[in-house]
Every structure is written in C-alpha cells, then in structure tokens.
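Per my numbering, the very first residue in the sequence shown carries number 100; after that it's consecutive.
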Amino acid sequence: MRRLGSGFVFFATAVGLLVGCGDVDDEVEERVGSAEQAQLVCAEDDTVEGIDVSYYQGSINWPAVAGDVDFAISRVNHGGFFDPEFDTNWAASRDAGLIRGAYQYFDPGGDPVAQATTLIDAIGELAPGDLPPVIDVESTDGLGANAIANNVGIWLDMVESALGRAPIIYTGSYFWNDNVGTDAFTDHPLWIAHYTTGCPNLPTVWSRWGFWQYTSTGSVAGIGGNVDRDRFNGNLLELHDMAADGYRAAVVSLDYPTVLHPGESGTVRLKLENLGARSWGAETRLGTTEPRDRDSDFFAASWESASRVMAMPMDVASGETVELVFDIVAPGELGLHSETFNLVEEGVAWFSDIAPGGGPLDDAILLAITVEEGPGGEGGGGSTGNGGGGEGGLGESIWPDRDKLHGDLHGQVGCSISSGAPRDAGSATWLLLALVGFAGARRRLS
C-alpha cells in the first residue's frame, strides 16, 4: 500500500522516491498527502496492533510476526500487477494464528468490475478470523470526484454482494476531502492513513476510524526492514467480532428421539464446542430459528419460553465444550417435523450473523422427528402408556379377532383396550363384557 503521509504532497515520489519501499520498476503508485485540518479523532479506548504488507517486505517469518502483533493485512494487487507474495502471505498469516485481511490498491480509471473480480477470486470465501476486504482509495487517475465515487461504489457493492461483508475503505483525509468528498460510504469502516504520534486526522464525512496506519517505517520481528504499522480502534475481542470470530460454535454431537407420539416427551442432548474468542454465559441461549424467535411446536414446560430453550448451564470459555440437555414434547399433528435451533448472545447477535458471529448456520442444529399415532390412536396411548383410543378408534386390541366378532354380531362390544393400558385389567374387562353379552343373547334366544 502506498503511503498517505501528512502535511503536504511529496512530489519527489513522482521521480521514484518511495519511502521505506525501495525502487520498483514494475508498478507505479501515486503518493497522496494528508492536509492539516481540524478533524483529529483519537482512539475510543483500547487499541490492537497490526501491520499491512506486500511483496516489498520480501519473505516473512509469520510465526515471529505473530509474537508482536495480532492482525495482518496483505495486498492482493495494484491494477494488472498481482502481488507475487499475496498467496503466501494470505495463507501463512492465518496459519500463524493472526487475524488476517486483504486489500486492493484501486485504480479509479480502471474497470471496477474487473478489479473487484480480481480481489474476489484471490480471496475465495471469507472464513471466521478474516477481516472484511479493503479498497485502497488514494489515486485519481485523472478522474473527477463524481467518477471516482461512482467506480468506488460499483466495487463496494460487488465485493459486498460476493463476500457478504461490508468492505473497509482505506484513504487519507486530504485525498478524500479534495478528490472524492462523498458521504455515501460512511457506513463502511474507515482505515485512515496519517503518520503522526498524535491522533489521526479524518475526512470530514467520517467521525470514527476503525483502523489507523500510523507509520510506514515501523518494525516487527520476522520482517527485515520497514513495514507499515496499524492500530485497530477497539480491544482484541472486538477485533475478533469484526473478523466474524467472536461468537462461534461447532456441533460436537446431537442425540434425540426420531419418533414420538402426540404429547410424548423426549430428551435432547446437544454437545457444543466454543470456537470463538468470547466466553459464553447466562446471556448465551439456545433459541429457535427458521425463522428466528419462532414458537416451537416441541415446547416443553422446562424451557425459558416458546422460543428459548435454555441458557448456558455454566460459563464456557474459548476452546471448551458444554452439553445442553433439554426436554421436548411432541405436538398433536402427525407427520415429519423439522425443528431448528441456534445459539444467540442476547442483545448482541445470533451466532450465524456474519459479524460478530462465525457460525453455525441457523439450520445446522436440526431435529427431524416423526410424530406418529400412538398404539391407542391419535389421542395418545403412545409408548408411555398415558392415553386411550382416539375418537371412534379401535386402538390395539388384546384379542383383535374376538373383539371384531362380537362387535359385528351383537353391536354391544364397541370398545377395545389400548396396549398402553395394563394387560391384566384389559383382559378382565373383556371377559366381563363378553359374559354379559353372551348371557343377554341366550335370554333373547330362549
């Protein structure tokens, strides 16, 4: 990334003076200064240290870098020049345990669709631990403000649509104020370039910065020579949130009954692993999804509500596992039912939200349960033996042939005993009714 310095434009760059980068023959980048304007904005509280790199830094010892900083942003390309170190830096920074990002030096005069495609193809898909992609806006290519803003907008829309994250905009205050000016993109995080030991100077349309490139002559272990140093405006957990890695879970195991009778209860055992940076606690709950906050057909009295099963039974730190055990009660409607759940940090986000969540998806915790008529008919009876026959139903008779015979001949034995009832009591009842019917028949025939 070329340097957006402070104070004034260093015209020496036009003849090849590139601060901290050495001589470059295969690409030319414009250096843009930063005006002295009263829009100084300091960090809100904590900050996190990072770097941004390109092939200028040569071969990098990423495990050593990870001992000094927490994030690294690597250049993809500048126009038709694809950074020869990007693929290595992109993979190795992640392998070293760093939160990673990628940026593209944007040529406003080039095709914004082609440039966006280059970045999208280089990244593939964003994974948990990846920052939103960055567009580096610091040259005009001779275009006016409206044309630059239009092409930047095309790039932003295309990249966000493809990768699902709102890109970060890198720029300097002087350049943006004088050459772009629009406030149409202020919903995108700002990465401000201003080399100072004070607070950075922002373009007038932004009131907060997300990242700050504060020097081009920094140093870290694992890199020989100068490197751009950056700060994130927030703490490490907030940086993980931005990288869709704050609230993330993996399903370790899921056990549940696949067949239930109407009104019958069952037990679900769900084991989850905390893969995110944040701990889970009393505000981390298992809720219904598809859609979210839906009243569940399998609601049980032990749940917190019809849309919230339970909270974490204990604090669950990053890397730990927890087992959630809860009841479900089958609805009266027969057939196959699909019941979906996910974790939600109340008042913050669902775990499937792109950021700060990192998964699983809302349909990943799925119960597929068949509700079928119990042995005593649709009205119950079931495997728990708690019900009688359904309306007009015969249920399951102890002696089905004899029941049918007496019902057909005499019309007087119109009940049958559900297998959910005790067998001895059912047999005695049948015998008593049969004897009464037989005696009545003999009276009529005599």
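Built from N, CA and C at the ideal position, the CB exists for glycine as well.
So, with DSSP's three-state summary, where would you put residue i?
i    : result
A343 : coil
R330 : strand
D85  : The requested residue 85 does not occur in the structure, where the chain is confined to residues 100 to 545.
T217 : helix
A171 : strand
I427 : strand
W275 : helix
S315 : strand
T387 : strand
G70  : As shown, the chain starts at 100 and ends at 545. That puts residue 70 outside it, with no answer to give.
D396 : coil
T187 : helix
V421 : strand
I453 : coil
Identify, in the order they occur along the chain, each residue of the same chain with its Cβ nearer than 8 Å to the Cβ of residue i, setting aside the five sequence neighbours on each side.
i    : result
V233 : I172, G200, A201, Y202, Q203, P266, I267, I268, Y269, W290
W275 : V236, P302, V304
Q138 : S272, N300, L301, P302, T303
E472 : H360, P361, L433, G489
I453 : G263, R264, A343
H287 : L255, A265, P266, I267, I268
Return the Cβ separation of residue i and residue j in integer angstroms, given the expectation that the two are a contact with Cβ distance under 8 Å.
i    : j    : result
T388 : F440 : 6 Å
V408 : S364 : Actually they do not touch by this definition, with Cβ atoms about 14 Å apart.
G208 : G243 : 11 Å between Cβ atoms; not a contact.
T357 : A467 : 7 Å
A416 : S378 : 5 Å
P459 : A343 : Contact flag wrong, Cβ pair sits at about 13 Å.
A320 : A163 : 4 Å
V258 : I198 : About 19 Å separates the two Cβ atoms, so there is no contact after all.
D145 : G333 : 6 Å
D329 : W308 : Going by Cβ atoms, the distance from D329 to W308 rounds to 11 Å, so no, they are not a contact pair.
D392 : G386 : 7 Å
Y346 : P474 : About 45 Å; that fails the 8 Å criterion.
P211 : I253 : 4 Å
Y154 : P183 : 5 Å
G375 : G457 : 6 Å
V175 : T216 : No, V175 and T216 are not in contact; Cβ-Cβ is about 11 Å, not under 8 Å.
D151 : D327 : 5 Å
Report all residues from its chain with a CB closer than 6 Å to the CB of residue i; omit the five preceding and five following residues, and keep chain order.
i    : result
W582 : Outside the displayed span of the chain (100 to 545) sits residue 582, for which this structure offers no information.
V147 : D169, F331, L335, L338
E372 : A349, V351, T420
L262 : L225
L369 : L353, L423
G431 : P361
W402 : V408
D194 : none
D282 : V304
I222 : A201
A248 : V279, T281
G121 : Below a pLDDT of 50, predicted positions are generally treated as unreliable, and G121, at 35, falls in that range; the measurement from the model is reported next regardless. If we look at G121 and ignore the five residues flanking it on each side, it has no Cβ neighbours.
F425 : V367, V408, M409
F185 : S173, V175
At which residues does the beta strand (DSSP E) containing residue i begin and terminate?
i    : result
Y355 : Element bounds for Y355: n/a, residue is neither H nor E.
L139 : Note, L139: premise wrong, no beta strand (DSSP E); not H, not E.
D235 : 233-235
G365 : 364-373
M409 : 407-410
V415 : It is not in any beta strand (DSSP E) - V415 carries neither H nor E in the DSSP assignment.
G196 : Segment: none, G196 is in no beta strand (DSSP E) and carries neither H nor E.
V470 : 464-470
W290 : 289-292
I268 : 267-270
Would you kindly report the start and end of the unbroken alpha helix (DSSP H) that includes residue i?
i    : result
T439 : That residue, T439, is in no alpha helix (DSSP H); its beta strand (DSSP E) goes 434-444.
G457 : Run containing G457: none in the alpha helix (DSSP H); it sits in the beta strand (DSSP E), 456-458.
I253 : 244-262
A163 : 161-164
Grab me the residues of residue i's own chain with a C-beta within less than 7 Å of its C-beta, minus the 5 sequence neighbours each way, in chain order.
i    : result
T383 : A410, M411, L442, E444
T285 : V304, W305
E143 : N332
N250 : P207, P211
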